[in-house]
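J.:
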Amino acid sequence: MEKATVPMLISMVALLVNTILNYTLIFGHFGFEAMGVKELQ
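Numbering (our numbering), first residue to last: 4 to 44.
Here's what the structure looks like:
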């Protein structure tokens, strides 16, 4: 069971960082310019 702990924690941190960066860059928060999302055709 211990072998799964480290990869799980890394995945959780990566998910959190990805979520924060998506929010920041798509909507333009924290001093960044909004990049938006292209609409799917």
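We put the beta carbon where it would ideally sit given N, CA and C, even for glycine.
I need the straight-line Cα distance from residue 26 to residue 41, nearest angstrom please.
T.: Using only the alpha carbons, I get a separation of about 15 Å.
J.: Does DSSP classify residue 43 as helix, strand or coil?
T.: Confidence at residue 43 is low in this model, with a pLDDT of 47, below 50, so its placement is unreliable and no value can be given for it.
J.: Alpha carbon to alpha carbon, how far is residue 44 from residue 17?
T.: Reliability of the predicted coordinates at residue 44 is poor, the pLDDT of 45 falling under 50, and the value obtained from them is presented with this limitation in mind. Taking the straight line from one Cα to the other gives about 30 Å.
J.: What is the residue span of the alpha helix (DSSP H) that residue 33 lies within?
T.: First-last for residue 33: undefined, no H or E at that position.
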